[in-house]
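S.K.:
Protein chains: 4
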Amino acid sequence: MIRVSIVGASGYSGVYLIQALSSRPDVSISVITSNSNAGKKLSDFFPLFAKTTPKNPLLSEIKFSLFDEDLIGGSSDAVFFCLPHNESSKLIPAVLKKNKDVKIIDVGADFRFDDVSVYERHYGKHNAPELNGGFVYGLSDVFYDKIENSQFIANPGCYPTGALLPILPLVFKGCVDFSFPVIIDSMSGISGAGRGLKLQNLFCEIENSAKAYNVWTHRHLPEIKEKIEKAFLDSPPHQTGKLMPDVIFTPHVIPVSRGILTTVYLKLNKGLSKENITAIYKNFYCGSPFVSILNNIEDCNIKNVIYTNNCHIAFEMREENGGGSCGSMIKIVSAIDNLGKGASLQAIQNMNLMFGLEPDFGIPQYSPYP
Amino acid sequence: MIRVSIVGASGYSGVYLIQALSSRPDVSISVITSNSNAGKKLSDFFPLFAKTTPKNPLLSEIKFSLFDEDLIGGSSDAVFFCLPHNESSKLIPAVLKKNKDVKIIDVGADFRFDDVSVYERHYGKHNAPELNGGFVYGLSDVFYDKIENSQFIANPGCYPTGALLPILPLVFKGCVDFSFPVIIDSMSGISGAGRGLKLQNLFCEIENSAKAYNVWTHRHLPEIKEKIEKAFLDSPPHQTGKLMPDVIFTPHVIPVSRGILTTVYLKLNKGLSKENITAIYKNFYCGSPFVSILNNIEDCNIKNVIYTNNCHIAFEMREENGGGSCGSMIKIVSAIDNLGKGASLQAIQNMNLMFGLEPDFGIPQYSPYP
Amino acid sequence: MIRVSIVGASGYSGVYLIQALSSRPDVSISVITSNSNAGKKLSDFFPLFAKTTPKNPLLSEIKFSLFDEDLIGGSSDAVFFCLPHNESSKLIPAVLKKNKDVKIIDVGADFRFDDVSVYERHYGKHNAPELNGGFVYGLSDVFYDKIENSQFIANPGCYPTGALLPILPLVFKGCVDFSFPVIIDSMSGISGAGRGLKLQNLFCEIENSAKAYNVWTHRHLPEIKEKIEKAFLDSPPHQTGKLMPDVIFTPHVIPVSRGILTTVYLKLNKGLSKENITAIYKNFYCGSPFVSILNNIEDCNIKNVIYTNNCHIAFEMREENGGGSCGSMIKIVSAIDNLGKGASLQAIQNMNLMFGLEPDFGIPQYSPYP
Amino acid sequence: MIRVSIVGASGYSGVYLIQALSSRPDVSISVITSNSNAGKKLSDFFPLFAKTTPKNPLLSEIKFSLFDEDLIGGSSDAVFFCLPHNESSKLIPAVLKKNKDVKIIDVGADFRFDDVSVYERHYGKHNAPELNGGFVYGLSDVFYDKIENSQFIANPGCYPTGALLPILPLVFKGCVDFSFPVIIDSMSGISGAGRGLKLQNLFCEIENSAKAYNVWTHRHLPEIKEKIEKAFLDSPPHQTGKLMPDVIFTPHVIPVSRGILTTVYLKLNKGLSKENITAIYKNFYCGSPFVSILNNIEDCNIKNVIYTNNCHIAFEMREENGGGSCGSMIKIVSAIDNLGKGASLQAIQNMNLMFGLEPDFGIPQYSPYP
């Protein structure tokens, strides 16, 4: 039995972790914390958990606690942190002091950067830089081999997950002409903004609307950029002296509750055919039960991945002489569930890998439809 | 291993059955039929099933077949029929001829009525009246004991499920004053109308709208009425000579994809308190892992049951002297997922019972949120 | 030129008044108040009013003010109050002291009741009971003759507007058998809850959901009840000794931004045909440019009236021997825009009548579609 | 009185023209055609036009006709064509034969291209190339001076309107570095697909989803490209020998009924500041009552322009040394209503100009909110 605790369990990613783990026979939930709701029963705060005749009486009765490192350290094999940035890095050291072997999966941003100075430029002073080097970036379908041996996982951001899964294979294989920027245009569901009370997230303000925001300054840009740069430096045809990739990222919100659709524009190196690209993707993700390459770009939509840990990818190319003076281009579209693949279910995939389980153990394979 | 086939698998309830059964280690899907899509791969028609690296290769490659009684009879322990009315009753006899022991779960209307003449008044001539008596009405949380011993289940309609679960316990316990009608006001998601191409179901026509339809003539009214009448005749304080219940039902559609919210108005017999009613419900459903009684009527909403087999029930009463001249009344609200509890997941619950499994084996316990 | 001011202009009904009046060549907006946003430009707070090249420079530059009776009294021929209850009754006396002839249209609840004690039972102590008798209930299509001569209008609530327009003609004409209750089942768009920051109104919490609330206690019930009782007492076949009408009202919220769909259940007196009822409605509303009787109940939906001052009404009857033991019943459905007919546009219709204009002067006749 | 006819009046742009023109005292509607609905009353087909007491009895009684050039030619001063491509070019010559002075506004694609061969490459053989030269491209806020003197207007496509309004001023002023492509990423409401019965436009299929489509091949790309190229050739710093602009366009659909949000990526020539760009826009559109420049990119959303003829534009720049190796870039966002500015209301703006009226005569200035 894997005993897990969830710190910050009253937000959307926390409650989805509880829901997704509740069906696991091999997992028990020890502690769920919420400083603002401590003392309340989970099933009172989220009546979806109400059960007059509970299958799992524990879950029906469990209450939110205040954060308590003794309690958590003593009763957990793994702890998920679902907190605003700069919070988990305050608490993780305390838990480790109580239980040095506990596995940590941080769903927040604190340990996602290799370079702490980049983190600090965008998020402010880091609370535990000494721990940063121990964390592995938990983009599970790419870095699964490092995750299997790790005690500490930094779960990727939702936009970075949707952007990096289609981009990284092409960078690793040296397909991208970086004289042209990597352009990433994403649209996210409203749950990406969390459960906080903001005027702009009221139903009447956002339904039948759509907008761009933080178009040059979103905090997920440096995260995406660092991982592309690292892949670029590791990629075979790398020449010294070449400019570093220019990454341009534009987030939008659209009136759906969940999901991210990402459209990527890349300039390809010469001589790559549709078949080449398909083969690269299929080869790269041949071991992944969650990433799939679709033929038809319209099939690559949010509804087909919602409530799953799947990432669908489809692309279309413009040939070298395909009508534009800028040459051979590719548009790649990816679809994920921002709270599933983009947060809680990828966190469980990481947990599975950390505990030596199959990556898809206990994770839904297909979206309910419609 | 339970080998199942699904006849009529390209509609919403069929595809949801496939999705819900796909995670079952004890179930294999043998045949899925769709006359209009025969020969197409499931994963081409519903790209949500696309998997470059499939966990379940069978499901990635399975194709829709034409209906074929030999094929289905020979390879199935259970067959689900998800067809328009008057269709399953043509096909079931053929399957039984090939395999007399196969278990049948008809998600359609053909065998839901005890009284074939009522069926014929609303649906037209019945194709297999000789089989009708063998079917048990599969309202699982009420009639589970009969279902356990049955080979043939008529899965209830979606509106009847949402209406009968809150009404029947009060009728069985003799709480209802039938000098007043049973008034049922329901609102359903658009998926209740199926996947057919109708102008009124286009996004632009129904989003930001709502309407009533078939306000005196919906086919689910006679189904609800027959079951209430039967419970009435079986209920303890029944007196001969009393009028039969008058049941009034108004369906509406609202712009949600799934879910039914039902508001029931009943006149109560004198002397019943809130505590009495709560006790009756909790007692009646004490063995059911799916029906829950909530305290707060606002918590009883569609979002809290979506993608599950749960039924949430809440109520508020007006006392005898509570301000209205018509005396003691109760308003009961129930929430279900029309495709889950109202169709495919209740069908699986019935399958579980028919095969001697726990009713909730392999069925999601909680809604993903939000 | 009619100079108008709007007190409480930063909520949904206030901003809709500004938008709707902005196209009127005969109206100028003098003062708009918002205590919480005083000093901000309207076009900064609501960027929909941004105009680089404004047609109406005044509106582009106008700022929210604090409430100031001198300013408002001195610059207004009419003042709209769009405030929470118990607020307008504090401010109206001050404005009248400065300008005894100013016309007042209170969009809030303070002066909607003939009987102040009923108001106080549901809303708390009244701040200006001495003014209450001067107010006319502004259900314009019914009480237009009294409105034409009035200085003070209490604009009806949104639910009462949707309920009373279909009910009152049948009461006035003595069609209703009040031994049976008047049952009103309404579903409202989210804007009915206003623009306040409430968890339950976040997009993710209410989209794809629906719920009932305040099922016995909504404050619009006593408002509806008082107006039905009054019509009952005024109706021709009234007999002394008869019980007063029992009115039962259930509000729901559904995921649309605007609109109210109301389903009314009435028991009819004997001998009324469909033709009789149609004739009664058409005769009653023959002078109204806004209330229309539709043949098809499905056409009577929110989308067909959104952004208008229209009320669509349709009905279907069950004959005396139509299958139910409770006899002849009628279901009537009405559709309105809760912010249009249910608030701001009916307020403008009232203003038109108060100033001797045609009721529909400057009011949109038809919904934009879709 | 301007007598207008609408050919193809049963689709979304046709019915919106009727609704928008119905409030004009100076316009009368003569003929509305719909070959598939000929003989039906408008108010039966679109019950939103039902009026028991009509203000405009003509509109309540008007019926769809078959196309008839005698009828239309004889009773119209202006004719709007709202037809699929290759249809209006068959009918316009016939109408002109009957009435050589009638003004024509083609809302479809047939006459949008200067170069007929480009049209034919994307739409098939042109039915009336001899008329093509007489048409002016009706992007009213840019080409108003040519429109004022024209008898024939080709109303722009919806995506081109949303893209060209923010792009053209910067091209005309020589701000764009065309060594980099013009990248246009748009998301459209579902009404852009028309009112046809397509599975993908069913509510259940598209709500809570989003997708890209026709990512290299959408027919609006050549339209956008031709107009940018023409502006490029006319722009001051044009040097011969320079490559023609490379235009990349990606359309998406999102679950809103109306609206287009467009994000444009441009490389700017050196030395341009935020103030320069703002001044260029404000100067360019100083005479336009419909195009506005907003400071805050989040305010530039669909909800703020819905049901209007407005175009909101906002932008943010990345400085030359702003972190990316590709240098100074600008992201511009525009928001329009695809059926308003993108079709019917821009058509009315064009009609106004053709008849010597103010461009905004009788056109709504502000969105109703929310």
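In the order they appear, the protein sequences are chains R, A, V and F. Residues in the first sequence are numbered from 575 upward in steps of one, following this note's numbering. Residues in the second sequence are numbered from 575 upward in steps of one, following this note's numbering. Residues in the third sequence are numbered from 575 upward in steps of one, following this note's numbering. Residues in the fourth sequence are numbered from 575 upward in steps of one, following this note's numbering. Every residue, glycine too, gets a C-beta built ideally from N, C-alpha and C. Computed from a predicted structure; not experimentally measured.
Grab the span of the beta strand (DSSP E) containing residue 602(R) for me, first residue to last.
M.R.: Residue 602(R) -> beta strand (DSSP E) spans 601-607.
S.K.: Provide the residue(s) that pair with residue 885(R) in DSSP beta bridges, ordered along the chain.
M.R.: Answer by DSSP bridge pairing, in chain order: 865(R).
S.K.: Just the chain V side, please: which residues come within less than 8 angstroms of residue 831(R) by C-beta, in chain order?
M.R.: The answer, in chain order, is 777, 778, 781 and 782.
S.K.: Which residues in the same chain have their Cβ closer than 8 angstroms to the Cβ of residue 787(V), if we skip the five residues on either side of it in sequence?
M.R.: Answer for residue 787(V): 825, 826 and 827, listed in chain order.
S.K.: Please name the residue in 577(A), 839(A), 647(A) and 598(A) whose C-alpha comes closest to that of residue 937(R).
M.R.: The candidate whose alpha carbon is nearest that of residue 937(R) is 598(A).
S.K.: Quick one: give me the first and last residue of the alpha helix (DSSP H) that residue 853(R) is part of.
M.R.: Segment 848-858, the alpha helix (DSSP H) holding residue 853(R).
S.K.: May I ask you to verify whether the region 694-712 of chain R touches the region 840-849 of chain R, counting CB pairs closer than 8 angstroms and requiring at least 3?
M.R.: Result no; under three Cβ-Cβ pairs closer than 8 angstroms.
S.K.: The alpha helix (DSSP H) spanning residue 802(F) covers which residue range?
M.R.: Note, residue 802(F): alpha helix (DSSP H), 794-808.
S.K.: Have a look at residue 922(V) and residue 872(V) and give me their C-alpha separation to the nearest angstrom.
M.R.: Distance between the alpha carbons of residue 922(V) and residue 872(V): 29 angstroms.
S.K.: Using a Cβ-Cβ distance under 9 angstroms, would residue 577(A) count as near chain F?
M.R.: Not one chain F Cβ lies under 9 angstroms of residue 577(A).
S.K.: Measuring alpha carbon to alpha carbon, tell me which residue in 718(F), 784(F), 610(F) and 821(F) is nearest residue 830(R).
M.R.: Checked all of 718(F), 784(F), 610(F) and 821(F); the closest Cα to residue 830(R) is 784(F).
S.K.: Report the rounded CA-to-CA distance for residue 856(A) versus residue 888(A), giving the unit in angstroms.
M.R.: Each residue's Cα considered, the two are about 12 angstroms apart.
S.K.: Which residue comes first and which comes last in the beta strand (DSSP E) that contains residue 759(F)?
M.R.: That run of the beta strand (DSSP E) goes 756-762.
S.K.: To test your reading of the DSSP string, which unbroken alpha helix (DSSP H) runs of 4 or more residues are found completely within the region 579-648 of chain V?
M.R.: Counting whole runs of 4 or more residues, the region 579-648 of chain V contains the alpha helix (DSSP H) stretches 586-595, 616-619 and 631-635.
S.K.: Quick one, are the C-beta atoms of residue 836(R) and residue 743(R) less than 9 angstroms apart?
M.R.: No. Outside cutoff.
S.K.: Does residue 694(F) have its Cβ less than 9 angstroms from a Cβ in chain R?
M.R.: Not one chain R Cβ lies under 9 angstroms of residue 694(F).
S.K.: Is it right to say residue 761(A) is buried, meaning 16 or more other beta carbons lie within 10 angstroms of its own, or is it exposed?
M.R.: That one is buried.
S.K.: Residue 883(F) and residue 919(F) - do their beta-carbons sit closer together than 9 angstroms?
M.R.: Yes; because the gap between Cβ atoms is below 9 angstroms, this pair is in contact.
S.K.: Can you give, in chain order, each stretch of the beta strand (DSSP E) that sits fully within the region 895-936 of chain F and has at least 3 residues?
M.R.: Runs of the beta strand (DSSP E) inside the region 895-936 of chain F: 903-910.
S.K.: Mind reading off the beta-carbon distance from residue 611(F) to residue 641(F)? Whole number of angstroms is fine, and I expect it under 8 angstroms.
M.R.: About 12 angstroms separates the two Cβ atoms, so there is no contact after all.
S.K.: Could you please tell me which residues of the region 644-657 of chain F, in chain order, have their CB closer than 8 angstroms to any CB of chain V?
M.R.: Hits within the stretch: zero.
S.K.: Give the secondary structure of residue 738(R) by DSSP, where H, G and I count as helix, E and B as strand, and everything else as coil.
M.R.: In the structure shown, residue 738(R) sits in a helix (DSSP, three-state: H, G or I).
S.K.: Kindly list, in the order they appear in chain F, the residues whose Cβ is closer than 9 angstroms to that of residue 630(R).
M.R.: Within 9 angstroms Cβ-Cβ: nothing; residue 630(R) doesn't reach chain F, min ~28 angstroms.
S.K.: If we ignore side chains and look at the alpha-carbon of each, how far apart do residue 759(V) and residue 838(V) end up?
M.R.: Their Cα atoms are separated by approximately 6 angstroms.
S.K.: Could you tell me the alpha carbon to alpha carbon distance between residue 711(F) and residue 931(F), rounded to whole angstroms?
M.R.: Using only the alpha carbons, I get a separation of about 19 angstroms.
S.K.: Nearest CA to the CA of residue 661(F): which residue from 697(F), 600(F), 619(F) and 621(F)?
M.R.: Considering only alpha carbons, the answer is 697(F).
S.K.: Count the other CB atoms, across all protein chains shown, that sit within 10 Å of the CB of residue 626(R); report buried if there are 16 or more and exposed otherwise.
M.R.: Classification of residue 626(R): buried, given that the 10 Å Cβ count is 16 or more.
S.K.: Is the region 720-739 of chain R touching the region 675-687 of chain R in the sense that three or more CB pairs, one from each, lie closer than 8 angstroms?
M.R.: Touching, per the Cβ criterion.
S.K.: Of the residues that make up the region 824-849 of chain F, which ones have a beta carbon closer than 9 angstroms to any beta carbon in chain A?
M.R.: Those residues of the region 824-849 of chain F that come within reach of chain A (Cβ to Cβ, closer than 9 angstroms) are 829, 830, 831 and 832.
S.K.: Which of the three DSSP states is assigned to residue 652(R) in this structure?
M.R.: Correct three-state label for residue 652(R): strand.
S.K.: In the DSSP assignment, what residue or residues form a beta bridge with residue 680(V)?
M.R.: According to DSSP, which records beta bridges pairwise, residue 680(V) is partnered with 655(V) and 728(V).
S.K.: How big is the Cα-Cα spacing for residue 746(R) and residue 858(R)?
M.R.: C-alpha separation (whole angstroms): 10 angstroms.
S.K.: At what residues does the beta strand (DSSP E) containing residue 825(R) begin and finish?
M.R.: Taken as a continuous stretch (DSSP letters only), the beta strand (DSSP E) holding residue 825(R) covers 821-827.
S.K.: Do you know offhand how far residue 890(F)'s Cα is from residue 870(F)'s?
M.R.: Distance between the alpha carbons of residue 890(F) and residue 870(F) is about 9 angstroms.
S.K.: Label residue 820(A) either buried or exposed according to how many other C-beta atoms from any shown protein chain fall within 10 Å of its C-beta, with 16 as the threshold for buried.
M.R.: Counting Cβ neighbours within 10 Å, residue 820(A) comes out buried, since at least 16 surround it.
S.K.: Within this structure, are the beta carbons of residue 929(F) and residue 651(F) separated by less than 9 angstroms?
M.R.: Closer than 9 angstroms, so yes.
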